[in-house]
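Per the working numbering, the sequence shown starts with residue 1142, numbered consecutively.
Glycine included, each C-beta is placed from N, C-alpha and C at the ideal position.
Please read the structure below before turning to the comments.
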Amino acid sequence: MRAIYLALVHYPVLDREQQIIPTTVTNLDLHDMARSARTYDLTGFFVVHPIEAQRVLAERIRGHWTEGSGGKRIPDRPAALKLIEVVTSLEAMREELVRRHGVAPELWTTAAQARSTVTSYREGRELLSSGGPPVVLVFGTGWGLAPVVLDQAAVRLEPIVGRGDWNHLSVRAACAITLDRLLG
């Protein structure tokens, strides 16, 4: 099995008018996605944000659950939150992974809508077990990843589709569903 990482991207992502914007870091996203990453035995979890104040906030959240009162109160939580690494950009993340693994990672994205050729979760499971470079499952905040990120993806996983005609899952829910379909 390949090394598998998560990345939660706060920039470049889209707003409801499809403009590229930065979004804000939230405790729930970091907390829940780190717990999912730990549950599915991922190698790490990158939080991507270009704004220093938001990176500081992400580090404070991580610290609360690893060295602070949150980790003391709930002793199993630090194992999950220690997976978080905060970086300025996808390029910084990529450079770090090349340093660690000696090869560039593959970026895999998900999408609320199928806009191009997509890979099924069954095919994704096969690709993960076939060996190769590390994989980063990239999730976007706001209204989704900007096209510049989607264009970098080696694999674009099929959309998660529910029974209804409304499709706007939280990034935490989309992450958990994706991990379960790929690794459950």
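Minimum C-alpha distance to residue i - residue among the options
i, options, result
"G1243", "A1178, P1275, L1286, V1296", "P1275"
"A1175", "G1209, Q1159, E1193, A1317", "A1317"
"A1148", "R1235, A1295, L1323", "R1235"
"D1170", "A1315, S1270, R1322, D1321", "A1315"
"E1237", "W1206, G1185, N1308", "G1185"
"Q1159", "A1233, G1285, V1312, D1321", "G1285"
"S1261", "R1322, L1248, D1306", "R1322"
"I1145", "E1264, R1203, E1247", "E1247"
"H1172", "G1204, L1268, P1300", "G1204"
"A1294", "L1278, L1198, I1301, D1156", "L1278"
"L1183", "I1215, P1216, K1223", "K1223"
Cβ neighbours of residue i in the same chain (closer than 7 Å, five flanking residues each side left out)
i, result
"V1239", "A1245"
"S1270", "M1142"
"G1272", "R1143"
"R1266", "L1323"
Neighbourhood of residue i by C-beta distance below 6 Å, restricted to the same chain and skipping five residues each side
i, result
"I1161", "P1153, A1287"
"G1303", "none"
"E1200", "V1227"
"A1221", "A1175, R1176, R1179"
"Y1181", "L1320, L1324"
"R1214", "none"
Contacting residues, own chain, Cβ-Cβ under 8 Å from residue i (five flanking each side not counted)
i, result
"T1164", "H1151, Y1152, V1154, T1282, G1283"
"Q1195", "H1151, P1163, T1165, V1166"
"T1258", "R1297"
Assumed close pair residue i, residue j - CB separation to whole angstroms, cut-off 8 Å
i, j, result
"R1218", "G1211", "6 Å"
"T1251", "V1290", "That pair is no contact at about 12 Å."
Residue i beta carbon near the ligand MG (any heavy atom closer than 8 Å)
i, result
"G1243", "Because no ligand of any kind appears in the structure shown, any question about the ligand MG cannot be addressed here."
Does the segment 1185 to 1196 come within contact of the segment 1223 to 1241, defined as at least 3 CB pairs closer than 8 Å?
yes
Length-filtered (4 minimum) alpha helix (DSSP H) runs lying within the segment 1238 to 1322:
1262 to 1270, 1288 to 1291
Curious, which full-length alpha helix (DSSP H) runs of at least 4 residues does the segment 1174 to 1217 contain?
1193 to 1207, 1210 to 1214
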